[in-house]
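Quick note: the sequence shown, position 230, residue 230 per the working numbering, numbers continuous. Every residue, glycine too, gets a C-beta built ideally from N, C-alpha and C.
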Amino acid sequence: MRKVIVSVAFLIFFISCKQEKKESSESVVEKIEMRESEWEILFDGTSLDKWKEFQNDAVGDVWKIEGDVLIYTPPSEGEEKKNHDLVTRDEYTDFVLSLDWKISEAGNSGVFWGVNEDAKYGTGYQTGPEVQILDNDKHPDAKAGTTHQAGALYDMVSPAEDVTKPIGEWNTMVITVNHKDNMGNVILNGTEMVTFPVQGEEWDAMVADSKFAGWDGFGKFTTGKIGLQDHGNIVAFRNIKIKQL
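Spelled out as structure tokens, the structure:
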């Protein structure tokens, strides 16, 4: 009788563990799916419906989709010279932005946030702080100081180190801007590059000590558009997504 009782107890325990394991696995899957659903796809490799050019409702031929990649190619010599910064149609306040970028040899570009399209501003960088994209080896801006190198909060905070991939390879960058916690952060290729305040006295002091000192509107817009910079060099992007906090 005792053996029977022990056997039944073991069977109940086994079934219970199996059920808990199943429920646990299902819970993990649900959580993963829920986390994935929090992301808004800004560029899926097929459409630019969520983008436009700065102060223009369309997207010019300088931005093209090739395969699943968004590529900016500067206009040929003799064509009209104007700014072709690309900006989101929607505005964002607190977010995590994830994307892959690939810069051309000796190339320069960047990612903005807090971009405002008021007519008195001529480009995205007049209002939007920039996370730098650069060929650290061959672009002269890299010699102007570490605050101009890839992964930097441009002209304000230097990256922790140079972790950029060789030209022709993809770099993965994750930018967090959180006004609730007064924290900005950049991770490049899995390495934390910079952490910084995004408002208040510390932010104002950083701006005052940069080339943006005295610029009307720079860094002033808590809510604004995400921007991809036209700096006159070929640059490519893919897998662009954002999660609002």
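> According to the Cβ coordinates, are residue 246 and residue 188 closer than 8 Å?
Replying inline: There is simply no residue 246 to check, as the chain begins at 1 and stops at 245 in what is shown.
> Whole-angstrom Cβ separation of residue 54 and residue 90, contact assumed at under 8 Å?
Replying inline: Contact between residue 54 and residue 90 fails: their C-beta atoms lie close to 15 Å from each other, not under 8 Å.
> Quick one: what's got a C-beta closer than 7 Å to residue 123's C-beta in the same chain, skipping five residues either side?
Replying inline: Here residue 123 has 54, 83, 85 as same chain residues with Cβ atoms under 7 Å from its own Cβ, once five neighbours each way along the sequence are excluded.
> What did DSSP end up calling residue 165 once you bin it into helix, strand or coil?
Replying inline: Looking at residue 165 - three-state DSSP - the assignment turns out to be coil, as it is neither helix nor strand.
> For the candidate residues 178, 69, 39, whose alpha-carbon lies nearest to that of residue 48?
Replying inline: Nearest of 178, 69, 39 to residue 48, Cα basis: 69.
>> Quick test of your reading: residue 111 and residue 131, contact by CB under 8 Å. State the CB separation rounded to the nearest angstrom.
In response: Between residue 131 and residue 111 the Cβ distance is about 5 Å, and since that is below 8 Å, they are a contact.
> So what's residue 126 in DSSP terms, helix, strand or just coil?
Replying inline: Note: residue 126 maps to helix in three-state DSSP.
>> Quick test of the definition: if touching needs 3 or more C-beta pairs under 8 Å, does the region 92-110 touch the region 200-211?
In response: At 8 Å Cβ cutoff, the stretches do not touch.
> Is DSSP giving residue 77 helix, strand or coil here?
Replying inline: Three-state result, residue 77: coil.
>> Output needed for residue 177: all residues of its chain with C-beta closer than 7 Å, excluding positions within five of it in sequence on either side, in chain order.
In response: Only residues of its own chain outside the window of five on either side were considered, and among them 94, 95, 113, 184, 198 have a CB closer than 7 Å to the CB of residue 177, listed in chain order.
>> Using DSSP's beta-bridge definition, name the partner residues of residue 205.
In response: Note: residue 205 is not bridge-paired with any residue in the DSSP secondary-structure output.
>> Once DSSP output is grouped into helix, strand and coil, what is the label at residue 141?
In response: Three-state result, residue 141: helix.
>> Distance check for residue 214 and residue 31, CA to CA, integer angstroms please.
In response: Since pLDDT at residue 31 reaches only 43, below the 50 mark, its modelled position is unreliable, and the value read off the structure follows with that caveat. Using only the alpha carbons, I get a separation of about 46 Å.
> If you count every other CB in all the chains shown that lies within 10 Å of the CB of residue 39, and 16 or more means buried, which is it?
Replying inline: By the C-beta density criterion, residue 39 is exposed, having fewer than 16 other C-beta atoms within 10 angstroms.
> Across which residues does DSSP place residue 95 in a beta bridge pair?
Replying inline: BP columns for residue 95 point to 177, 244.
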